[in-house]
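Data first, discussion second: the structure below is written as C-alpha cells.
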Amino acid sequence: MAQRGYSFGFSLFLVCALEVGAQPRVWSGHDTAFSKPAFADWTLPEHQDRITADDWITRADQQGIFNIAQESSYQGMGLLGPSPVGTLWALGNASDWATLTFTTWAVLADRNPPHLIGLDAVVHLVNEDIYMDIRFTEWGGAAGGGAFAYLRAAGPACRADLSGSSDPSDPDYGQPDGAVDASDFFYFLDQFVAGNLAVADMSGSSDPNDPAYGVRDGVIDASDFFYYLDIFVAGCP
Numbered sequence: 003m004a005q006r007g008y009s010f011g012f013s014l015f016l017v018c019a020l021e022v023g024a025q026p027r028v029w030s031g032h033d034t035a036f037s038k039p040a041f042a043d044w045t046l047p048e049h050q051d052r053i054t055a056d057d058w059i060t061r062a063d064q065q066g067i068f069n070i071a072q073e074s075s076y077q078g079m080g081l082l083g084p085s086p087v088g089t090l091w092a093l094g095n096a097s098d099w100a101t102l103t104f105t106t107w108a109v110l111a112d113r114n115p116p117h118l119i120g121l122d123a124v125v126h127l128v129n130e131d132i133y134m135d136i137r138f139t140e141w142g143g144a145a146g147g148g149a150f151a152y153l154r155a156a157g158p159a160c161r162a163d164l165s166g167s168s169d170p171s172d173p174d175y176g177q178p179d180g181a182v183d184a185s186d187f188f189y190f191l192d193q194f195v196a197g198n199l200a201v202a203d204m205s206g207s208s209d210p211n212d213p214a215y216g217v218r219d220g221v222i223d224a225s226d227f228f229y230y231l232d233i234f235v236a237g238c239p
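When we follow this note's numbering, the leftmost residue of the sequence shown carries the number 3, and every step to the right adds one.
Here's what the structure looks like:
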C-alpha cells in the first residue's frame, strides 16, 4: 500500500470520527416496487428484495415473509416469531418514526397479512438503523404460492462510497464497492489534497442548515472536508 505522511494526530481524529454514532436514517416515499410471483423460487436473487447487505426480504410458497440474508425460512406461528429477522414494524410513516410503536411483523400482520394491503407502514432495519416506508399491494393466501408485493422507499445514492482501495496502484482505487470504510476516506483525502474538483468538491458549506450544504461550489476548502466527514460517519445502507 502506498505510504502517506498523515500525522498521528490526524489518524487519531479519524478513529474518533469512526466512533461517533450515526443518526437514524429515514427513507420516505413509495417509489420502489418489489413483487415475488406465486410459486417462484425464493432462493433466487430476483425473488428477493435485497434492500441492504443484511436485509433480503422474500417468502416461500406459504407462511410469512422472512429475511433470507439472516434466516433460511420463516420463523413463526400465529403472533409469535421473529421473522423477518433484523426488522421491526409499525403502521404509519417513516418520518414519524420517533412517535411510533414498533413490533414484529407477525404481530403487525395479526394472523391476517392481507389486511395490511394499502396501509402505510414502516419497517425498521435494525442493524442499519434505517426507518423505511412500505405499503403492501398483494398477498397470496395459503394456496397462493407465496405471492406478495409491496411499494417501498428507495435509499439515497451513497456519496460516501468512493473507493474499494486506498492504494493508488490497486485497480479498485477510485471504484465504489458498496461499502463505506477507511479506503473511501483516504481516497477522498488524496483527491482533496490533490485539488481534484471532480471528486473533492462536495459542498459549499459545512453547516447542515445552510442551503449550500451538499451543493458543489467549484472550490475545494474545509467545507468539503467536513461535509465528507459527515456523510462518511453517517455511512450508507
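For each residue, glycine too, the CB sits at the ideal point set by N, CA and C.
Where does residue 208 fall in DSSP's three states?
-> coil
Going by the CB atoms, is the gap between residue 129 and residue 88 shorter than 8 Å?
-> yes
If residue 155 sits next to residue 134, beta carbons under 8 Å apart, how far is it from one beta carbon to the other, in whole angstroms?
-> 5 Å
With DSSP as the reference, label residue 99 as helix, strand or coil.
-> helix
Under three-state DSSP, which class holds residue 41?
-> coil
Using the rule of at least 16 other Cβ atoms within 10 Å of the residue's Cβ for burial, across every protein chain shown, is residue 230 buried or exposed?
-> buried
Give the straight-line distance between the Cα atoms of residue 45 and residue 75, rounded to the nearest whole angstrom.
-> 10 Å
Buried or exposed for residue 69, please, with buried defined as at least 16 other CB atoms from any protein chain shown within 10 angstroms of its CB.
-> buried
Between residue 252 and residue 81, what straight-line distance do the alpha-carbon atoms span, to the nearest angstrom?
-> Here the chain has residues from 3 to 239 only, and residue 252 is not among them.
Between residue 184 and residue 40, is the Cβ-Cβ spacing less than 8 Å?
-> no
Pull up the distance between the alpha-carbon of residue 98 and that of residue 131, whole angstroms please.
-> 14 Å
Residues near residue 49 by beta carbon distance below 7 Å, same chain, minus five either side = 38, 42, 43 and 60
Whole-angstrom Cβ separation of residue 92 and residue 111, contact assumed at under 8 Å?
-> Not confirmed; about 12 Å, so no contact.
Excluding the five sequence neighbours on either side, which residues of its own chain have a C-beta within less than 6 Å of the C-beta of residue 218, listed in chain order?
-> 203
Going by DSSP, what residues sit across from residue 231 in a beta bridge?
-> Residue 231 is not bridged to any residue.
Nearest-angstrom Cα distance between residue 146 and residue 126?
-> 27 Å
Go ahead and label residue 171 buried or exposed: buried means 16 or more other beta carbons lie within 10 angstroms of its beta carbon, across all protein chains shown.
-> exposed
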